[in-house]
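J.: For our numbering, count along the sequence shown from 1 and bump the result up by 284. The beta carbon of each residue, even a glycine, is placed where N, CA and C say it ideally should be.
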Amino acid sequence: MAVFKCKMCGGALEISEGMTVCECDYCGTTQTLPKTNNEQHLNLINRANHFRQQCEFDKAAEIYEKIAAQSDGDAEIYWSLVLCRYGIEYVDDPATKKKIPTCHRTQFRSILDDPDYQSALQYADMMQRNVYQSEAEYIDKVQKSILEISNKEKPFDIFICYKETDENGRRTPDSVLAQELYYGLEQEGFKVFFSRITLESKLGTEYEPYIFAALNSAKVMVVVGTKPEYFNAVWVKNEWSRYLMLMQEDRKRTLIPAYKDMDPYDLPDALSMFQAQDMSKLGFMQDLIHGIRKIAKNEPEVTERPMVQQTVVHTAASSNIENLLKRGYLSLEDGKWDDAQRFFDEVLNENVEEYRAYIGLLCMEYKIPDESKLADVQFNIGRNKTLYGSGFKTDNEAIGFITSDYYKKACRFGGAEIERRLYGYYLQGNYNRAVSIMNNATTIWHISESQELFSELGDYLDSSVKIQECEQLKLRVRYNDAVSALNSAQKGYECFNARNAFESLGDFLDSRHKVQECTEKAEYIRKENVYNEAKNLLDKGYREDVSKAVTLFESISDFKDSTTMIQKCQKKIEEVTEAERKRKSAERKKNILVVSLFALFMFILITIANKMR
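1. Output needed for Tyr407: all residues of its chain with C-beta closer than 6 Å, excluding positions within five of it in sequence on either side, in chain order.
2. Does the distance between the C-beta of Lys874 and the nearest non-hydrogen atom of the ligand MG fall short of 7 Å?
3. Excluding sequence positions up to five away, which residues of its chain have a Cβ less than 6 Å from the Cβ of Glu634?
4. In terms of residue numbering, what span does the beta strand (DSSP E) encompassing Pro457 cover?
5. Decide if Met896 is buried, meaning its Cβ has at least 16 other Cβ atoms within 10 Å, or exposed.
6. Provide the residue span of the beta strand (DSSP E) that contains Asp376, from first to last.
7. Please go through the same chain and pick out, in chain order, the residues whose beta-carbon is closer than 8 Å to the beta-carbon of Ser768, but skip the five residues on each side of it.
8. Could you pull the DSSP bridge partners for Cys445 from this structure?
9. Within a Cβ cutoff of 6 Å, which residues of the same chain sit near Leu608, ignoring the five residues on either side of it in sequence?
10. How would you call Met410, buried or exposed, if buried means at least 16 neighbouring beta carbons within 10 angstroms?
11. So what does DSSP say about Asp845, is it helix, strand or coil?
12. Which parts of the region 397-424 are runs of the alpha helix (DSSP H), unbroken and 4 residues or longer, counting only runs that do not cross its ends?
13. Starting from Lys383, follow the beta strand (DSSP E) in both directions and report where the run begins and ends.
14. Do you know whose CA, among Leu658, Glu701, Lys610 and Gly699, lies nearest Ser688's CA?
15. Leaving out five residues before and five after Glu817 in sequence, what residues of the same chain have Cβ atoms less than 7 Å from its Cβ?
16. For Lys693, collect the residues of the same chain with a Cβ closer than 6 Å to its Cβ; drop the 5 residues on either side in sequence, then sort them by chain order.
17. Closest to Tyr763 by CA distance: which of Cys754, Ala785, Ser418 and Ile702 is it?
18. Cα-Cα, which of Leu528, Ser880, Tyr401 and Gln570 is closest to Asp553?
19. To the nearest angstrom, how far is the alpha carbon of Gly698 from that of Tyr707?
20. Straight-line CA distance for Cys368 to Val520?
21. So, helix, strand or coil for Leu757, using DSSP?
22. Starting from Cys308, trace the alpha helix (DSSP H) in both directions and tell me its first and last residue.
23. Helix, strand or coil: which one does DSSP assign to Phe738?
24. What would DSSP say about Ser674, mapped onto helix, strand or coil?
25. Excluding the 5 residues preceding and the 5 following Ser656 in the sequence, name in chain order all residues of the same chain whose CB lies nearer than 7 Å to its CB.
26. Quick test of your reading: Phe288 and Asn322, contact by CB under 8 Å. State the CB separation rounded to the nearest angstrom.
27. Please state the DSSP three-state secondary structure of Ile636.
28. Taking the DSSP output, what are the residues bridged to Ala542?
Here you go:
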């Protein structure tokens, strides 16, 4: 008897010879089986399945390819290759608790047209074929929904690939470096895919449509890493390996590895063939942007040179000024704020219109290492303080670093391009703050504040979309408040208040159903009160009270054990009636006895009186 592991959950399956389809005892999923009884092949298949379950699709595919070369038309091996090609991971369906496929490597070609899928059908028996066709049709629908969403996305120029969190769930240095790169490229006018920000508005949805759209549209991918293992992390490798496959079809695409604090010889073999960039080198950002601009914008080298010359003429910077600027920016990186101020002041002593010195002083003022952090500074000191701090500012009052004299002078002497770049950080800061408020909002007031911020941003990024998301979030908060009111309702009028709240939400989620639920709970509370009143009357035990209890129980005869309680009341009435009858009978007997004794007494008195005469 061969032992094979479930390809969905990894549980051990016990299969008999000749079986090609079975059901897993652990996850209950019907699945197909390989035809081989070769123990070595089974071990290889289990190993490949393990890699695929860990979403290491390339490793798994290599093993399946080896098995396919050694086996003779095994449908399961061809199907497994299909699962790797489309990045299929089996996840739990919250509704049915069954394992269902989700797609991490969307293709433009339908799975139904895949040659390996056709081979799987060719070599499959009837039972296997039914399973393959059912799963393939489901995956095809998933793919179509992904493509439908991705087709609506605007194209990207650049895709930044990096590892977001480490094994402890903390943010990696790679993420910080990637974000600096993102801001630098965005300020140059590129549309950049950076998952931490780009996917921030997609919480609660599948990310694959947006990753697929970005990978297929980006002309350049920058792979950022500070450790060899981060370059080889599952999802990082999944992205750059997909991009490499796209590069084989489109030679105009470019991949740039960017590393820091590691040996470039430790890059993965697949990336080592590309010219890598050392992020620790001074001027890395300028060099990278310079190179990307030529690739993404398809501009020749000569278009850059006049710009550089123009900058030199505009600043009239001597070599001494350049050295002072470099020392000032190095001091900023080291957090030596006083030294940075001294160097930048020396620059201004030589050229009072040197805008780069004013930018450096602006960074010094807010204690940040470089200008890309201005967006973060804006978040810390800007409008958010209006919401949670001790001071208050009017809505129209300018706040943040744009009130700084250093900012104003940098814009004045740097020209329109510098003003656009610096003001972009201000907009990004407001956008980040608005997103943060929206994501953490628990009240309508906070959501409205976020919505107002997005409105002030106009058409910046997806602010108009965020405004609509705020409207939906308001409905969600109102819905949650109504649910909370319904759950805590102890009185009928509280249920009716909750019902009014749900009615005002219209068709949002299951509000229509909740309206009925409120009515039902109000009715339940009414019946509960009637039931308790009737029970109290029954406990008093008087016939009049018990009779009233019967009437009350009869008015809610379908509630709890009211029918039984009616019978109990009737029995109680019978008991009380019998007790009263016995009491009255005893009283009559007592009265007769008293009358008899009195009559006897009077007879005796009369008899004695007669004898005395």
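T.: So, from the listed chains and residues:
1. Here residue 407 refers to the residue found at position 123 when the sequence shown is read from its first residue. If we look at Tyr407 and ignore the five residues flanking it on each side, its Cβ neighbours are Gly357 and Ala359.
2. Of ligands this structure carries none, so the ligand MG is not represented either.
3. Residue numbering aside, residue 634 sits at position 350 when the sequence shown is read from its first letter. Excluding residues within five positions, the ones whose Cβ falls inside 6 Å are Ile605.
4. If you number the sequence shown from 1, residue 457 lands on position 173. From DSSP, Pro457 is part of no beta strand (DSSP E) but of the alpha helix (DSSP H) over Pro457 to Gln471.
5. Counting from 1 along the sequence shown, the entry for residue 896 is found at position 612. Answer is exposed; the Cβ neighbour count stays below 16.
6. For the purposes of this step, residue 376 is identified with residue 92 of the sequence shown, where counting begins at 1. Its beta strand (DSSP E) spans residues Ile372 to Asp376.
7. In the sequence shown, counting from the first residue as 1, residue 768 sits at position 484. Taken in chain order, the list of residues that qualify is empty.
8. Locating residue 445 in the sequence shown gives position 161, counting from the first residue. Cys445 pairs with Val507.
9. Counting from 1 along the sequence shown, the entry for residue 608 is found at position 324. Phe627, Glu630 and Val631.
10. In the sequence shown, residue 410 corresponds to position 126, counting from 1. It counts as exposed.
11. Within the sequence shown, the letter at position 561 stands for residue 845. Three-state result, Asp845: coil.
12. 399-407
13. Counting from one through the sequence shown, the residue named residue 383 turns up at place 99. Where Lys383 is concerned, the enclosing beta strand (DSSP E) stretches over Lys383 to Cys387.
14. Taking the first residue of the sequence shown as position 1, residue 688 is located at position 404. When each option's Cα is compared against that of Ser688, the closest is Leu658.
15. On the sequence shown, residue 817 is found 533 positions in, with the first residue counted as 1. Hits under 7 Å: Leu836.
16. Position 409 of the sequence shown, counted from the start, is the residue given in the question as residue 693. Excluding sequence neighbours, Lys693 sits near Tyr642.
17. Translated into positions along the sequence shown, residue 763 becomes position 479. Measuring from the Cα of Tyr763, the nearest candidate turns out to be Ala785.
18. On the sequence shown, position 269 is the one that residue 553 refers to. Comparing Cα positions, the closest option is Leu528.
19. Here residue 698 corresponds to residue number 414 of the sequence shown, with the count starting at 1. Here residue 707 corresponds to residue number 423 of the sequence shown, with the count starting at 1. The straight-line gap from Cα to Cα measures roughly 12 Å.
20. The residue you call residue 368 lines up with position 84 of the sequence shown. The residue you call residue 520 lines up with position 236 of the sequence shown. Approximately 16 Å between the Cα atoms of the pair.
21. As a working note, residue 757 is residue 473 in the sequence shown. Helix.
22. Position 24 of the sequence shown, counted from the first residue, corresponds to residue 308. Looking at the DSSP string, Cys308 is not in any alpha helix (DSSP H), and its letter there is neither H nor E.
23. Residue numbering aside, residue 738 sits at position 454 when the sequence shown is read from its first letter. Of the three classes helix, strand and coil, the one that applies to Phe738 here is helix, per DSSP.
24. Your numbering for residue 674 matches position 390 in the sequence shown. For Ser674, the predicted model reports a pLDDT of 31, less than 50, meaning its position is unreliable and no value from the coordinates is stated.
25. Taking the sequence shown and counting its residues from 1, the one referred to as residue 656 is at position 372. For Ser656, where only same-chain residues beyond five positions count, the Cβ hits under 7 Å are Glu464, Tyr467 and Gly468.
26. By 1-based counting over the sequence shown, the position of residue 288 is 4. By 1-based counting over the sequence shown, the position of residue 322 is 38. Incorrect: roughly 12 Å between the Cβ atoms, too far for contact.
27. As a working note, residue 636 is residue 352 in the sequence shown. Checking the sequence, you will find Val at residue 636 rather than Ile. DSSP places Val636 in coil when its eight states are reduced to three.
28. Along the sequence shown, one-based indexing puts residue 542 at 258. Its beta-bridge partners are Val508 and Gln561.
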